[in-house]
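Take any residue in the sequence shown, note its place counting from 1, add 946, and you have its number in the numbering used here.
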Amino acid sequence: MNQLILRTLTAIVATAAALTYPPALQAQVGHAPEDSPYRDIQRGSFFVATIGTFKGSGGKLGVAPHDGNTVGLKWSILANRPLQIGFGVSYGRLEHLIQNQSETPDNRTTGPVDTDVIWADVSFQINLTGGKSWRGIAPFFGGAIGLAITSQAANEPTDFEMGNKVYFAPMAGARIFVNSRLHLQVEGRYQFWQVAYPESFRIPPFGGGGNDAVLPGGALKEWSVTPWVQVGLGWAVSLPF
């Protein structure tokens, strides 16, 4: 009976260790080190150039920037550690609708029209395989927080202005290593930013009834959630310090 208990405890400990330290045990049990599917990520700093597509509907009125293409550049540090930090800048040519609060419902919506957006953020990324890749793949999840700077034509016939917005974005993806210096990256985000509508959207146009206002009832603020998919190419760089 004591031997059975000992064997059971040994099996439990071995299983827990295998789940907790898979890279090390893979190299020691069942694989010679050179045959292990896990490989050390040797470089800790990368520049990643990205292209992407920013989707969404622009909020319930369609006036927030949405639906367009983006390009970006990110500097990632601690890229061979469990916690990775990134500093990124992106540019997007998006679009939005115009809601003219002075017009009746049949005539107030025009567009879409183009709008430019610049994002700057810092991201925190949990690398699920730590400082290693599995068969060249290193999955991750995390989040980013930053500032979005939006543009709008001065002659747009509306009181709405998106302005500059703080945003946050949970994210997940994977790095696919070609070699120690080069990797492909795929990342999906859901960006959250707040859209604030002017008080004039509650006032009906001249000659209209109360229900003819742009927003006859409800809140003047909402959180708009937008999916954003990016693919990129990362190249290792040497830190100057």
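From the three backbone atoms N, C-alpha and C, an ideal C-beta is built for every residue, glycine too. These figures come from a predicted structure and were not determined experimentally.
Whole-angstrom distance between residue j and residue i, CA atom to CA atom
i     : j     : result
S1069 : W1181 : 18 Å
I911  : R1148 : Past the edges of the chain, shown from 947 to 1187, lies residue 911, and the structure says nothing about it.
W1065 : A1115 : 12 Å
L1211 : V1017 : Because the chain in this structure spans residues 947 to 1187, residue 1211 falls outside the shown range and cannot be described.
I997  : D1062 : 15 Å
G1002 : D981  : 45 Å
F1087 : I1031 : 12 Å
N1053 : G1008 : 15 Å
A1100 : R989  : 47 Å
Y1143 : R1127 : 47 Å
R985  : F1138 : 35 Å
A1025 : I987  : 8 Å
M1117 : K1006 : 24 Å
L928  : G1164 : Because the chain spans 947 through 1187 in this model, residue 928 falls outside it and cannot be assessed.
V1183 : L1074 : 22 Å
Q1071 : I1023 : 10 Å
S1079 : S1036 : 27 Å
Nearest neighbour of residue i, chosen from the options [CA to CA]
i     : options                     : result
H1012 : S1079, N1073 and V1059      : V1059
E1049 : V1063, D1105 and I1031      : D1105
S1170 : G1004, D981, A995 and L1029 : G1004
A995  : L1007, G1034 and I1122      : G1034
I1122 : F1138, E1102 and A1084      : A1084
P1173 : Y1136, G1163 and G1164      : Y1136
Buried/exposed call for residue i, threshold 16 Cβ in 10 Å
i     : result
A1010 : buried
E1145 : exposed
A889  : Nothing about residue 889 can be reported from this structure: the residues present for the chain run from 947 to 1187 only.
L1185 : exposed
K1167 : exposed
V1141 : buried
N1125 : exposed
Cβ-based neighbour list, residue i, same chain, cut-off 8 Å, excluding 5 preceding and 5 following
i     : result
L1093 : W1065, A1066, D1067, N1110, K1111, V1112 and Y1113
D1158 : T1050, P1051, P1150 and P1151
Contacting residues, own chain, Cβ-Cβ under 7 Å from residue i (five flanking each side not counted)
i     : result
E1107 : Q1098
R1081 : P983
G1014 : F1000, G1038, R1039, L1040 and E1041
T1175 : First, the residue type needs correcting, since residue 1175 is Val and not Thr in the sequence shown. So the qualifying residues of the chain are G998, T999 and G1134.
W1212 : Limits of the chain in this structure are 947 at one end and 1187 at the other, which puts residue 1212 out of reach.
Contacts around residue i, its chain only, beta-carbon distance under 6 Å, and the 5 residues preceding and following it disregarded
i     : result
T1056 : I1044
V1132 : G1119, A1120 and V1177
V1160 : Q1045, Q1047 and F1147
As assigned by DSSP and simplified to three states, the class of residue i
i     : result
D1013 : strand
D1060 : strand
S1003 : coil
S1097 : coil
D1067 : strand
F1110 : Here the sequence assigns Asn to residue 1110, which means Phe is not the residue at that position. Strand.
G1121 : One point to set straight first is that residue 1121 is Arg, not Gly, in the sequence displayed. Strand.
D981  : helix
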